[in-house]
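Going letter by letter, the sequence shown gives residues 3 to 197 in our numbering. Taking it in order: structure first as structure tokens, then the write-up.
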Amino acid sequence: MKTLKFTLLTLLSLLYFNCDNDDDNTNNVCDSNYVNAAITTAFSTANGYDDLAEWMDLETHEYELQINASGEICTIGYQNPSTYTGGYDMEVINNTSGGSYLGTHTFSQSGLDYQLITPVVVNAGDYITVKRTILPGYTALNQTVGRILRKSDFTDVPYPVTQGNVVFSGSVFYGAGGPVANIGQPYIALGFKVY
């Protein structure tokens, strides 16, 4: 009987101390698909959007969103168009707290490419600006295009658009023309690690 009690106590202890209660952020991982899944679902064909792989020939593609969860933005995902192999300045700015990331990245032309960034901390409800700006030295206007999701009837996006814990609140395109506001949703994905 003592052996059975000891075995049960040991088994219960192992289960208790090895379970994840999500209060420990050291074992949470960066979910690169966090914002990508929200963009794909919210701006889907079923919801009246077209996925335009290479559109909007302006230097900066920018949008604002709100993440209603606390954590950190840990990756950025983008895809270079077929007309450009160079780099972009990628920015993530927490407009509420002032935290930010700015780095130069070059992405794959064959698909969405996620790259690690210095984390930007987010408290639930913070407003975040995300933007990509083509680097100086591009040689043709068609190199400034990027992937966006646009209403099939060519009307402006009716922001705010909510999908799960993510609220997309506006977009703007500018540089070498523009600004053009809310004409489409830039396809710039973010990875998020929930605390």
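Even for Gly, the Cβ is constructed at its ideal location relative to N, Cα and C.
Per-residue DSSP class, three states only, for residue 37: Against the sequence shown, residue 37 aligns to sequence position 35. It is helical.
Start and end residues, beta strand (DSSP E) containing residue 121: As a first step, residue 121 must be located in the sequence shown, where it is residue number 119. Start and end: 115-124.
Exposure label - residue 160; buried when at least 16 CB within 10 Å: Start at 1 with the first residue of the sequence shown, and residue 160 comes out as number 158. Residue environment analysis places residue 160 among the exposed positions, since fewer than 16 neighbouring C-beta atoms fall within 10 angstroms of its C-beta.
Integer Cβ distance of residue 41 from residue 76, believed to fall under 8 Å: As a position in the sequence shown, residue 41 is number 39, starting the count at 1. As a position in the sequence shown, residue 76 is number 74, starting the count at 1. So it is not a contact: roughly 17 Å between Cβ atoms.
Length of the line joining the Cα atoms of residue 78 and residue 71: Against the sequence shown, residue 78 aligns to sequence position 76. Against the sequence shown, residue 71 aligns to sequence position 69. Spanning the two alpha carbons is a distance of roughly 18 Å.
Residue of 89, 124 and 53 minimising C-alpha distance to residue 136: The sequence position of residue 136 within the sequence shown is 134, counting from 1. Comparing Cα positions, the closest option is 89.
Limits of the unbroken beta strand (DSSP E) element including residue 184: The residue you call residue 184 lines up with position 182 of the sequence shown. Premise fails: residue 184 is in no beta strand (DSSP E) and is neither H nor E.
Bridge-paired residues (DSSP) for residue 52: The residue you call residue 52 lines up with position 50 of the sequence shown. Residue pairing by DSSP places residue 52 opposite 152 in a beta bridge.
Residue 137: first and last residue of the uninterrupted beta strand (DSSP E) it sits in: Stepping through the sequence shown from its first residue, residue 137 is reached at position 135. It is not in any beta strand (DSSP E) - residue 137 carries neither H nor E in the DSSP assignment.
The segment 50-63 / the segment 114-130 touching (three or more Cβ pairs under 8 Å): Below 8 Å, too few C-beta pairs join the segment 50-63 and the segment 114-130 to call them touching: fewer than three.
Alpha-carbon to alpha-carbon, residue 73 and residue 100: Counted from its first residue, the sequence shown places residue 100 at position 98. Counted from its first residue, the sequence shown places residue 73 at position 71. Residue 100 and residue 73 have their C-alpha atoms spaced approximately 15 Å apart.
Counterpart residues of residue 204 in DSSP-defined beta bridges: No answer is possible for residue 204: it lies beyond the span of the chain, which begins at 3 and ends at 197.
Local Cβ density within 10 Å of residue 96, reported as buried at 16 or more and exposed below that: Counting from 1 along the sequence shown, the entry for residue 96 is found at position 94. Under the 10 Å beta carbon count, residue 96 is surrounded by 16 or more other beta carbons and is classified as buried.
First and last residue of the uninterrupted beta strand (DSSP E) at residue 92: In the sequence shown, the residue the question calls residue 92 occupies position 90. In this chain, the beta strand (DSSP E) harbouring residue 92 covers 90-96.
Coarse secondary structure for residue 143, derived from DSSP in three states: The sequence position of residue 143 within the sequence shown is 141, counting from 1. In the structure shown, residue 143 sits in a helix (DSSP, three-state: H, G or I).
Distance between residue 33 and residue 167 (C-alpha atoms, nearest Å): Counted from its first residue, the sequence shown places residue 167 at position 165. Counted from its first residue, the sequence shown places residue 33 at position 31. Between residue 167 and residue 33, the C-alpha separation is close to 14 Å.
Buried/exposed call for residue 47, threshold 16 Cβ in 10 Å: As a position in the sequence shown, residue 47 is number 45, starting the count at 1. With fewer than 16 other Cβ atoms inside 10 Å of its own Cβ, residue 47 counts as exposed.
Per DSSP, the bridge partner or partners of residue 102: Position 100 of the sequence shown, counting from 1, holds the residue named residue 102. DSSP output for residue 102 lists 95 as bridge partner(s).
For residue 124 and residue 57, the rounded distance between their alpha carbons: Along the sequence shown, read from residue 1 onward, the residue named residue 57 stands at position 55. Along the sequence shown, read from residue 1 onward, the residue named residue 124 stands at position 122. Spanning the two alpha carbons is a distance of roughly 30 Å.
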